[in-house]
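Q: In the numbering used here, the protein residues as written are 446 to 911.
Glycine residues also receive a C-beta, built at the ideal position from the N, C-alpha and C atoms.
Here the structure is a predicted model, which is why all the values come from computation and not from measurement.
1) Is residue 870 closer than 8 Å to residue 787 when the C-beta atoms are compared?
2) Give the secondary structure of residue 771 by DSSP, where H, G and I count as helix, E and B as strand, and everything else as coil.
3) I'd like the ranges of any alpha helix (DSSP H) spanning at least 4 consecutive residues and lying wholly in the stretch 518 to 595.
4) Going by beta-carbon coordinates alone, are residue 470 and residue 541 separated by less than 8 Å?
5) Using the beta-carbon count (16 or more within 10 Å), is residue 634 buried or exposed?
6) Suppose only complete runs of 3+ residues qualify. What are the beta strand (DSSP E) ranges in the stretch 728 to 793, listed by chain order?
7) Tell me residue 474's beta-bridge partners as DSSP assigns them.
8) Within the chosen definition, does the stretch 857 to 872 reach the stretch 828 to 846 through at least 3 CB pairs nearer than 8 Å?
9) Give the secondary structure of residue 502 by DSSP, where H, G and I count as helix, E and B as strand, and everything else as coil.
10) Are the beta-carbon atoms belonging to residue 727 and residue 615 less than 8 Å from one another?
11) For residue 792, does the count of other Cβ atoms within 10 angstroms reach 16, so buried, or fall short, so exposed?
12) Helix, strand or coil for residue 798 per DSSP?
13) Please confirm whether any heavy atom of the ligand ZN lies closer than 7 Å to the CB of residue 842.
14) Could you work out which residue in 599, 888, 717 and 909 is closest to residue 899 when comparing CA atoms only?
15) So for residue 896, helix, strand or coil by DSSP?
16) Quick test of your reading: residue 597 and residue 725, contact by CB under 8 Å. State the CB separation rounded to the nearest angstrom.
17) Hey, how far is the Cα of residue 565 from the Cα of residue 627?
18) Residue 776 and residue 708 look like a contact to me (Cβ under 8 Å); what is the Cβ gap, rounded to whole Å?
19) Assign residue 588 to one of two classes, buried (16 or more other C-beta atoms within 10 Å of its C-beta) or exposed (fewer than that).
20) Identify whether residue 819 lies in helix, strand or coil by the three-state DSSP scheme.
What follows is the structure, given as structure tokens:
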């Protein structure tokens, strides 16, 4: 699939009952424009309010994920959102004539089948990704819950579940490519333990539940009276416990179906971040509350990074502060090792330089033939040289000094640099210069993306003192 955004070609409706309310509801997936994202519209209410599928609108995670906005709610959104992510759709308006997403068979299969049936439409805009650039973790030691996101070029998820149940045991599930969602995850159904089912029945919940849309794990001794009660509630002639320790309502579709369903819930809940993820998610005993708190942690991390790593504006029509001749006169570097072409901003604490990367660069002859990529060490050298201009700008007679870099810390290379790219090189002093030692944070941008970054330490040295 291309990196452009996608919606669906036409509308398609699905009807069913809500798991908790038992009310009949019709849900319609509708095409939506570029950058619309996922939204729900309550057509049964006055003004037909719209609810954005966004973390900020989560109001309950007790038995599913519930959103509320503009005075309206939509309940148990996770399976529908997981289906949209699994089919790689970016923009859809979901209209509902009730507050609860239909439970269907307890999985996402019918949602996926409907979306695949109408087909996808490519849109004239690039897809926006949430890129995990460094580890993000969430832990709740009291619940023995842990979530971790690590950098990766694709979206991958691995989960482990353990409910201290001899029936379920410890289960794992993984997905290495979202393209496997339809076959590997969509059919997995929700599950609960018998004691949870009894509690929900006593609270007059799961009015729309029947024994076809959930795996019921029998975690306690159960007598014939209780089995008869369940058979009556769910309109069955009889209910019994199978050898696997589950009620005889369903056959397991996979041995680790509960773990796969938990993985699907993770995908649906993380969709509330608002964009597809590039990163690997690892979850230990995830649940809706954990998923939402983890998603909030990711959003906080992204906001912090965006504040720290926002590309400076660059106008190629603007006259440079230093042109290439002035840079060559200021720095000791000369062709073919002068790796900054002009300086477009220079203050006491900050410098912004430009490096135009062309196919004629000598290093592309060997790095790599047929697949030219600018070496990461030379990206750092471009930053170092730009930082040298900033350092020398702090002394009275720059021509009498050189800068020597002493240390490079926390270097990261996040996006490839290829011929035709323009590197925008930003260096900022991290504190006052003492004894000729200056510490800088350097970031190389390609457009709005970070190509590389590092913390740099340099020393300003008078030429006769070398």
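A: For this structure:
1) Along the chain shown, one-based indexing puts residue 787 at 342. Along the chain shown, one-based indexing puts residue 870 at 425. Contact flag unset, no.
2) To locate residue 771, count along the chain shown from 1; it is residue 326. Here residue 771 sits in helix by DSSP.
3) 523 to 531 and 554 to 563
4) The count along the chain shown starts at 1 and reaches residue 470 at position 25. The count along the chain shown starts at 1 and reaches residue 541 at position 96. In contact: residue 470 and residue 541 (Cβ atoms closer than 8 Å).
5) On the chain shown, residue 634 is found 189 positions in, with the first residue counted as 1. When all chains shown are included, residue 634 counts as buried.
6) Counting whole runs of 3 or more residues, the stretch 728 to 793 contains the beta strand (DSSP E) stretches 787 to 791.
7) To locate residue 474, count along the chain shown from 1; it is residue 29. In DSSP, residue 474 forms a bridge with 457 and 539.
8) yes
9) By 1-based counting over the chain shown, the position of residue 502 is 57. Residue 502 falls in the helix class under three-state DSSP.
10) Numbered from 1 along the chain shown, position 282 holds the residue referred to as residue 727. Numbered from 1 along the chain shown, position 170 holds the residue referred to as residue 615. No.
11) Translated into positions along the chain shown, residue 792 becomes position 347. Exposed is the call here.
12) Residue numbering aside, residue 798 sits at position 353 when the chain shown is read from its first letter. Here residue 798 sits in strand by DSSP.
13) As for the ligand ZN, it is missing from this structure, which has no ligand bound.
14) As a first step, residue 899 must be located in the chain shown, where it is residue number 454. Residue 888 is the option with its Cα nearest to residue 899.
15) Position 451 of the chain shown, counted from the first residue, corresponds to residue 896. Assignment of residue 896 by DSSP, reduced to helix, strand and coil, places it in the strand class.
16) Against the chain shown, residue 597 aligns to sequence position 152. Against the chain shown, residue 725 aligns to sequence position 280. Going by Cβ atoms, the distance from residue 597 to residue 725 rounds to 4 Å, so yes, they are a contact pair.
17) In the chain shown, residue 565 corresponds to position 120, counting from 1. In the chain shown, residue 627 corresponds to position 182, counting from 1. C-alpha separation (whole angstroms): 15 Å.
18) Residue numbering aside, residue 776 sits at position 331 when the chain shown is read from its first letter. Residue numbering aside, residue 708 sits at position 263 when the chain shown is read from its first letter. Actually they do not touch by this definition, with Cβ atoms about 53 Å apart.
19) Start at 1 with the first residue of the chain shown, and residue 588 comes out as number 143. Classification of residue 588: exposed, given that the 10 Å Cβ count is below 16.
20) If you number the chain shown from 1, residue 819 lands on position 374. The answer is coil: DSSP assigns residue 819 none of H, G, I, E or B.
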